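Going by this note's numbering, the first residue of the sequence shown is number 5, and it counts up by one from there.
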Amino acid sequence: MKVPFLDLNRIHNPLKNEFVEKLTEHIDKNDFILGNPVEEFEKEFASYCGTSHAIGVANGLQALEIILRAMDIGPGDEVITVANTFNATVSSIVAVGAKPVLVDSKDDFTIDSSQIKGKLTNKTKAIMPVHLYGQACDMDEIMNIAKENNLYVIEDACQSHGAIYKNKRAGNLGHAAAFSFYPGKNLGAFGDGGLITTNDSNLAQRIRMIRNYGQSKKYHHDISGINSRLDTMQASVLRIKLKHLDNWNSQRKKIADRYISSLKGIVELPKTSPDRDHIYHLFVIRTNKRDELMDYLKQNGVDSGLHYPIPIHLQKTFSNLSHKKRDFPKSEEYSDTILSLPIFPGMTNEEADHVISQIKSFFNASLK
Ligand SMILES: Cc1ncc(COP(=O)(O)O)c(C=O)c1O
């Protein structure tokens, strides 16, 4: 049996006619950038997250960058974030000329909030927690530190569409949040896409302007901006898919529960907290035999992934941050031991059982 890491056809095929009908409409109307479907999607996504505003942009990286710009964060400022994340989190801070200040992660893979206070300086302007793999960070602790020190909190929610922390959705936990609609995300477009949520009306207004050349109205450029607009076609695809997000997330959760009940004691399983709802964008296990297990799974038809094989502080592009090995021991340990297993809506129990049985047979063989 072959088990893909992700099979988007299983998500898209049942909705194909709906997509084709909508996309044809856009071709007929020559409706391609921003416009009514984007506005409708923004309203629907804001209501889904429980925020007052949602603003569609071109991708998750620029969502983060635009939030930073709208908060006037730039050269001379510092933003605290985590060493175990995707490049874009830190690149957004670099893009506005601010300095990323890293802290380590803890055993649920999210930022270790107990380390944040030790990194505060008089240049710190914001904290950027990442709800990594689909699970929210310790937002109460982070918001308390922010309040005491007059800082912004920018959620990197690019992997956590629909995740819940204490009855509130990701995207509604900080001062602003960035989402990515890269096709493989729990809510993905047919190409790049992104969105920003916030409850701050002034910030929302600036964000709307910055995403579209700083314009307050056509050809009135009041502030400096960029071109980071959400395409109409992507918004229509996302509107169709948003209706299914909760169902898809619960299908992921069922596969996760199956893995958890069968792999207990065999590998290190993802740590979850009862006060939050993990939406399993990725199901990440840990084992000291990671590379051998990954090869074994590959030979036996199971695709798996590494998110991420090199922590931020050891990436060449961030060498000017002057970090060295052992600076963030947890993040380094994770990058050597983590393995992401297949998990996606439409994945069958038989496929999950095949993954489980291959993992078990790998460990049985390696015990001999
Ligand atoms: C944690 C995180 N932040 C930011 C991004 C950037 O999103 P995009 O690829 O849409 O620019 C991603 C996308 O993979 C991500 O996983």
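Just so you know, even glycine gets a beta-carbon here, dropped at the ideal spot from N, CA and C. Just so it is clear, the structure is predicted and the values come from calculations on it, not from any experiment.
Beta-carbon contacts of Lys334 that lie in its chain and below 7 Å, excluding the five residues immediately before and after: Excluding sequence neighbours, Lys334 sits near Asp108, Ser109 and Lys110.
Rounding to the nearest angstrom, what Cα-Cα distance links Pro41 and Lys221 in this structure? Cα to Cα, Pro41 sits roughly 19 Å from Lys221.
Assess, as a yes-or-no matter, whether the region 87 to 103 is touched by the region 117 to 125 under the definition of 3 or more beta carbon pairs within less than 8 Å. Too few Cβ pairs lie closer than 8 Å, so no.
Pro313 burial status per 10 Å Cβ neighbour count (16 or more: buried): So Pro313 ends up on the exposed side.
Name all residues in chain order for which at least one heavy atom of ligand 1 lies closer than 6 Å to the residue's CB. Checking every Cβ against the heavy atoms of ligand 1 under 6 Å gives Asn63, Gly64, Leu65, Thr89, Phe90, Ala92, Thr93, Val134, Asp160, Cys162, Gln163, Ser184, Tyr186, Asp196 and Gly198.
Distance between Gly195 and His135 (C-alpha atoms, nearest Å): Between His135 and Gly195, the C-alpha separation is close to 22 Å.
Among Glu46, Thr85 and Pro346, whose alpha-carbon lies nearest the alpha-carbon of Lys6? Among Glu46, Thr85 and Pro346, the Cα nearest to that of Lys6 is on Pro346.
Give the DSSP-derived three-state secondary structure of Thr321 in the structure shown. Here Thr321 carries a helix assignment [DSSP, helix/strand/coil].
Over the uninterrupted alpha helix (DSSP H) stretch that includes Glu337, give me the two end residues. Pro333 to Thr341 is the span of the alpha helix (DSSP H), which, as asked, contains Glu337.
Applying the criterion that 16 or more other CB atoms from any shown protein chain within 10 Å of the CB defines a buried residue, is Val105 buried or exposed? Around the beta carbon of Val105, 16 or more other beta carbons lie within 10 angstroms, which makes this residue buried.
Alpha helix (DSSP H) runs wholly inside the region 81 to 125, at least 4 long, in chain order: Runs of the alpha helix (DSSP H) inside the region 81 to 125: 91 to 99.
Those residues which DSSP pairs with Ala130 across a bridge: Per DSSP, the beta-bridge partners of Ala130 are Val83 and Tyr156.
By alpha-carbon positions, which one of Thr236, Gln163, Ala87 and Ala193 ends up nearest to Leu325? Just measuring C-alpha positions, the residue of Thr236, Gln163, Ala87 and Ala193 sitting nearest Leu325 is Ala87.
Val359 lies in the alpha helix (DSSP H); which residues open and close that run? Asn353 to Leu371 is the span of the alpha helix (DSSP H), which, as asked, contains Val359.
Between Arg256 and the rest of its own chain, which residues show a CB-CB distance below 6 Å, the 5 nearest in sequence each way excluded? Excluding sequence neighbours, Arg256 sits near Tyr284 and Ile347.
Where the alpha helix (DSSP H) containing Arg210 begins and where it ends: In this chain, the alpha helix (DSSP H) harbouring Arg210 covers Ser205 to Ile214.
Span separating the alpha-carbon of Gln163 from that of Gln66: Between Gln163 and Gln66, the alpha-carbon positions lie close to 15 Å from each other.
Check each candidate in Tyr186, Arg14 and Leu207 and name the one with the smallest Cα separation from Ala62. It is Tyr186 whose Cα lies nearest to the Cα of Ala62.
Is the beta carbon of Val288 less than 8 Å from the beta carbon of Ile342? Contact flag set, yes.
For the region 18 to 50, which segments carrying the alpha helix (DSSP H) assignment without a break, of at least 4 residues, lie completely within its bounds, in sequence order? Fully enclosed alpha helix (DSSP H) runs of no fewer than 4 residues occupy 20 to 33 of the region 18 to 50, in order along the chain.
Can you pull the DSSP bridge partners for His224? His224 is bridged to Lys221.
Residue range of the beta strand (DSSP E) that includes Val61: Per DSSP, Val61 belongs to the beta strand (DSSP E) from His57 to Val61.
Of the choices Gly166, Asn171 and Lys170, whose alpha-carbon is the least far from that of Ala182? Here the closest residue by C-alpha is Gly166.
Taking only three categories from DSSP, how would you classify Thr291? For Thr291, the three-state secondary structure derived from DSSP is coil.
Give a yes or no on contact between the region 124 to 132 and the region 145 to 159, applying the rule of three or more CB pairs nearer than 8 Å. When Cβ pairs closer than 8 Å are counted between the two stretches, the region 124 to 132 is seen to touch the region 145 to 159, the count reaching three or more.
Please report the Cβ distance between Gly60 and Leu246, rounded to the nearest whole angstrom; I am assuming they are in contact, meaning their Cβ atoms lie under 8 Å. Not a contact, Cβ separation roughly 12 Å.
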